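The working numbering applies: residue 215 is where the sequence shown begins, and numbers increase by one. Take a look at the structure set out below.
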Amino acid sequence: MTLVGLAVGAVLAAVAIFIPWLPEPASREAGLIDNAYWLVTIICVAVFAVVAGVSVYAVWKFRAPPGDLEDGSPIHGHTGLEIAWTAIPIVLVLAIAIYSGVALAQAEDAPDDSRVIEISAQQFAWRFTYPGVEAQGQALSSGELVMQVDEPVEFQITSKDVIHSFWVPEFRMKQDAVQGITTRTVVTPTKLGTFPVICTELCGLGHPTMRAQARVVTAAGFERWVQEQRRLAAEGASAGGKELFTQQCGSCHVLADAGTQGEVGPNLDEGLQGQDEAFIRESILDPDAMIAEGFQPGVMPNNFGDSLSEEQISSLVEYLVEQTGGGG
Ligand code: CUA
Numbered sequence: 215m216t217l218v219g220l221a222v223g224a225v226l227a228a229v230a231i232f233i234p235w236l237p238e239p240a241s242r243e244a245g246l247i248d249n250a251y252w253l254v255t256i257i258c259v260a261v262f263a264v265v266a267g268v269s270v271y272a273v274w275k276f277r278a279p280p281g282d283l284e285d286g287s288p289i290h291g292h293t294g295l296e297i298a299w300t301a302i303p304i305v306l307v308l309a310i311a312i313y314s315g316v317a318l319a320q321a322e323d324a325p326d327d328s329r330v331i332e333i334s335a336q337q338f339a340w341r342f343t344y345p346g347v348e349a350q351g352q353a354l355s356s357g358e359l360v361m362q363v364d365e366p367v368e369f370q371i372t373s374k375d376v377i378h379s380f381w382v383p384e385f386r387m388k389q390d391a392v393q394g395i396t397t398r399t400v401v402t403p404t405k406l407g408t409f410p411v412i413c414t415e416l417c418g419l420g421h422p423t424m425r426a427q428a429r430v431v432t433a434a435g436f437e438r439w440v441q442e443q444r445r446l447a448a449e450g451a452s453a454g455g456k457e458l459f460t461q462q463c464g465s466c467h468v469l470a471d472a473g474t475q476g477e478v479g480p481n482l483d484e485g486l487q488g489q490d491e492a493f494i495r496e497s498i499l500d501p502d503a504m505i506a507e508g509f510q511p512g513v514m515p516n517n518f519g520d521s522l523s524e525e526q527i528s529s530l531v532e533y534l535v536e537q538t539g540g541g542g
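Here you go:
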């Protein structure tokens, strides 16, 4: 039994030590988090080794000889031992708590010149907004997270619906997105490259698909990206409601005025009659709020609020209001 135990222990120790469980760190804060992780791991391994070692020794040393059916000799408490097994865990747990508290405070201490990026989570997409970076009269906003290398970023995070959790494994810092409050975390990327943004809170059927891309670029690369986003925003804003409808909605909806023939969703020549602006807006942004008879929820994408700008949605709504036969 001891040999088997030793062999299994050696294999598992090799697995623990030699497999790179954590991706290469790519932020200034990652070191603090990794140190906390390894501190806890080492303490756990040591405690486990002591408990398992004593158990194995006791089984080997004190086992009853064959044929011995007597009770063991009665034992009463051992004050010294009891003090030891109370005091040692207290010291270990306090060490973990104090180290983690200090590490977290250091990691989340944003320098005054940090860039603020707002994160909005929604089933099942991420939206990143850059206050102070203007595009078409509003703050630049993107489905991709673009950061400048070595520039500290304070993320201000919220959710439009259920609880999500923002995490880029290479950055280590992780923070919940909760509706109604704004949580924060700080990341200073130190490596150029592309990393996955992952939702780490089970948030519904689409949870495993709730991913985005974090791209860390140079200062010049960031400036180029901002210019490109501004150009795209300007192009998108000039497209009229009818063009937008044809591009975005036509493959699923019939609408005679736009000449579209899609039959996946409701026929809008009929469905729009007598409807008002509020209904149209809700149907675009939150299509499952009200399902037309004979259709299934979850078919129409529920991320138009993210993929289209506010201007685009407004011109789309305006165009569709014109198609309601004067009901709006
Ligand atoms: Cu959002 Cu899981």
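Cβ atoms here follow ideal geometry from the backbone N, Cα and C, with glycine treated the same way. Just so it is clear, the structure is predicted and the values come from calculations on it, not from any experiment.
Original post:
Do valine 401 and methionine 387 have their CB atoms nearer than 7 Å?
Top reply: The residue labelled residue 401 in the question sits at position 187 within the sequence shown. The residue labelled residue 387 in the question sits at position 173 within the sequence shown. Their beta carbons are under 7 Å apart, which means valine 401 touches methionine 387 by this criterion.
Subject >> Exposed unless 16 or more other CB atoms sit within 10 angstroms - verdict on valine 628 >> reply: Coverage of the chain is limited to positions 215 through 542, which leaves residue 628 absent and any answer about it impossible.
**OP:** Decide if serine 465 is buried, meaning its Cβ has at least 16 other Cβ atoms within 10 Å, or exposed.
**Re:** Locating residue 465 in the sequence shown gives position 251, where the first residue counts as 1. It is exposed - the Cβ of serine 465 has fewer than 16 other Cβ atoms within 10 Å.
Original post:
Beta carbon of cysteine 417: closer than 6 Å to some heavy atom of the ligand CUA?
Top reply: If you number the sequence shown from 1, residue 417 lands on position 203. At least one heavy atom of the ligand CUA is nearer than 6 Å to the Cβ of cysteine 417, so yes.
**OP:** Using beta-carbon positions only, say whether proline 383 and alanine 324 come within less than 7 Å of one another.
**Re:** The residue you call residue 383 lines up with position 169 of the sequence shown. The residue you call residue 324 lines up with position 110 of the sequence shown. Contact annotation: proline 383 and alanine 324 have beta-carbon atoms that are not nearer than 7 Å.
Subject >> Residue(s) in a DSSP beta bridge with methionine 361 >> reply: Against the sequence shown, residue 361 aligns to sequence position 147. Its beta-bridge partners are Val430.
Original post:
Cα separation between alanine 321 and glycine 219?
Top reply: Here the question's residue 321 lines up with position 107 in the sequence shown. Here the question's residue 219 lines up with position 5 in the sequence shown. Roughly 40 Å between the two C-alpha positions.
Original post:
Straight-line CA distance for tyrosine 251 to glycine 267?
Top reply: For the purposes of this step, residue 251 is taken as the residue at position 37 of the sequence shown. For the purposes of this step, residue 267 is taken as the residue at position 53 of the sequence shown. Each residue's Cα considered, the two are about 24 Å apart.
**OP:** Report yes or no: do the segment 258-277 and the segment 404-412 share at least 3 C-beta pairs separated by less than 8 Å?
**Re:** Fewer than three Cβ pairs drawn from the segment 258-277 and the segment 404-412 lie within less than 8 Å of each other, which leaves the two stretches out of contact.
Original post:
In whole angstroms, what separates the C-alpha of leucine 226 from that of histidine 292?
Top reply: Translated into the one-based positions of the sequence shown, residue 226 becomes position 12. Translated into the one-based positions of the sequence shown, residue 292 becomes position 78. The straight-line gap from Cα to Cα measures roughly 34 Å.
Original post:
If we count Cβ pairs, one from each stretch, closer than 8 Å, do we get three or more for the segment 508-520 versus the segment 335-343?
Top reply: Verdict: yes, contact present.
**OP:** Spell out the partners DSSP gives glutamate 332 in its beta bridges.
**Re:** Counted from its first residue, the sequence shown places residue 332 at position 118. Paired residues: Thr343, Gln370.
Subject >> Sequence-distant residues of its chain with Cβ nearer than 7 Å to alanine 426 (five each side left out) >> reply: Taking the first residue of the sequence shown as position 1, residue 426 is located at position 212. Excluding its 5 nearest sequence neighbours in each direction, alanine 426 has C-beta neighbours in its own chain below 7 Å: Trp340, Gly357, Glu358, Leu359, Val411, listed in chain order.
Original post:
Does alanine 470 get closer than 7 Å to chain C when you measure Cβ to Cβ?
Top reply: Of the chains in the structure shown, none is chain C; there is only one protein chain.
Original post:
Does the beta carbon of methionine 424 fall short of 6 Å from some heavy atom of the ligand CUA?
Top reply: By one-based count along the sequence shown, residue 424 stands at place 210. Checking every heavy atom of the ligand CUA against the Cβ of methionine 424, one is found closer than 6 Å.
**OP:** Thinking phenylalanine 385 and glutamate 243 are a contact (beta carbons under 8 Å), I'd like their distance in whole angstroms, please.
**Re:** One-based indexing of the sequence shown puts residue 385 at position 171. One-based indexing of the sequence shown puts residue 243 at position 29. Right, their Cβ atoms sit about 7 Å apart.
Subject >> Three-state class that DSSP yields for lysine 275 in the structure shown >> reply: Numbered from its first residue, the sequence shown carries residue 275 at position 61. For lysine 275, the secondary structure class from DSSP, reduced to helix, strand or coil, is helix.
Original post:
What is the residue span of the alpha helix (DSSP H) that serine 521 lies within?
Top reply: Here residue 521 refers to the residue found at position 307 of the sequence shown. Note, serine 521: alpha helix (DSSP H), 518-521.
Original post:
Is it right to say valine 307 is buried, meaning 16 or more other beta carbons lie within 10 angstroms of its own, or is it exposed?
Top reply: Here residue 307 corresponds to residue number 93 of the sequence shown, with the count starting at 1. With fewer than 16 Cβ atoms within 10 Å of its Cβ, valine 307 is classed as exposed.
Original post:
Counting along the chain, where does the alpha helix (DSSP H) carrying aspartate 282 start and finish?
Top reply: Taking the sequence shown and counting its residues from 1, one reaches residue 282 at position 68. Where aspartate 282 is concerned, there is no enclosing alpha helix (DSSP H), given that its DSSP letter is neither H nor E.
**OP:** Alpha carbon to alpha carbon, how far is alanine 319 from isoleucine 312? Give it in angstroms, no decimals.
**Re:** Here the question's residue 312 lines up with position 98 in the sequence shown. Here the question's residue 319 lines up with position 105 in the sequence shown. One Cα belongs to isoleucine 312, the other to alanine 319, and the distance between them is close to 11 Å.
Original post:
What does a CB cutoff of less than 6 Å around isoleucine 371 pick up in its chain, not counting 5 residues either side in sequence?
Top reply: On the sequence shown, position 157 is the one that residue 371 refers to. Closer than 6 Å at Cβ, skipping near neighbours: Ile333, Phe380, Gln389, Ala391, Thr397.
**OP:** With hydrogens ignored, establish whether the beta-carbon of cysteine 413 is closer than 6 Å to any heavy atom of the ligand CUA.
**Re:** For the purposes of this step, residue 413 is taken as the residue at position 199 of the sequence shown. Yes, Cβ of cysteine 413 sits closer than 6 Å to a heavy atom of the ligand CUA.
Subject >> Among Asp327, Gln362, Trp299, the one whose alpha carbon lies nearest that of serine 241 >> reply: Translated into positions along the sequence shown, residue 241 becomes position 27. Nearest C-alpha to serine 241 among Asp327, Gln362, Trp299: Gln362.
Subject >> alpha helix (DSSP H) segment containing serine 314, residue limits >> reply: Counted from its first residue, the sequence shown places residue 314 at position 100. In the DSSP annotation of this structure, the continuous segment of the alpha helix (DSSP H) that includes serine 314 starts and ends at 293-321.
Subject >> Status (buried if at least 16 other CB within 10 Å, exposed otherwise) for threonine 432 >> reply: For the purposes of this step, residue 432 is taken as the residue at position 218 of the sequence shown. Using a 10 angstroms sphere on the CB of threonine 432, the tally of other CB atoms stays under 16, which defines it as exposed.
Original post:
Who are the Cβ neighbours of alanine 224 in its own chain at under 7 Å, not counting the five residues just before and after it?
Top reply: In the sequence shown, residue 224 corresponds to position 10, counting from 1. Excluding residues within five positions, none has a Cβ falling inside 7 Å.
Original post:
Is proline 383 helix, strand or coil when you go by DSSP?
Top reply: Counted from its first residue, the sequence shown places residue 383 at position 169. The answer is helix: DSSP assigns proline 383 an H, G or I state.
Original post:
Apart from the five residues just before and just after glycine 454, which ones in its own chain have a Cβ nearer than 8 Å to its Cβ?
Top reply: Here the question's residue 454 lines up with position 240 in the sequence shown. The beta carbon of glycine 454 lies closer than 8 Å to those of Ser529, Tyr533 in the same chain, with the five residues before and after it left out.
Subject >> From Glu496, Leu406, Gln350, residue whose alpha carbon lies closest to that of arginine 444 >> reply: In the sequence shown, counting from the first residue as 1, residue 444 sits at position 230. It is Gln350.
**OP:** Mind checking who cysteine 413 pairs with in its DSSP beta bridge?
**Re:** Position 199 of the sequence shown, counting from 1, holds the residue named residue 413. Answer is Phe380, bridged to cysteine 413.
Original post:
Just the Cα atoms here: how many angstroms apart are glutamate 524 and alanine 353?
Top reply: Walking along the sequence shown from the start, residue 524 turns up at place 310. Walking along the sequence shown from the start, residue 353 turns up at place 139. CA-to-CA, the gap between glutamate 524 and alanine 353 works out to about 11 Å.
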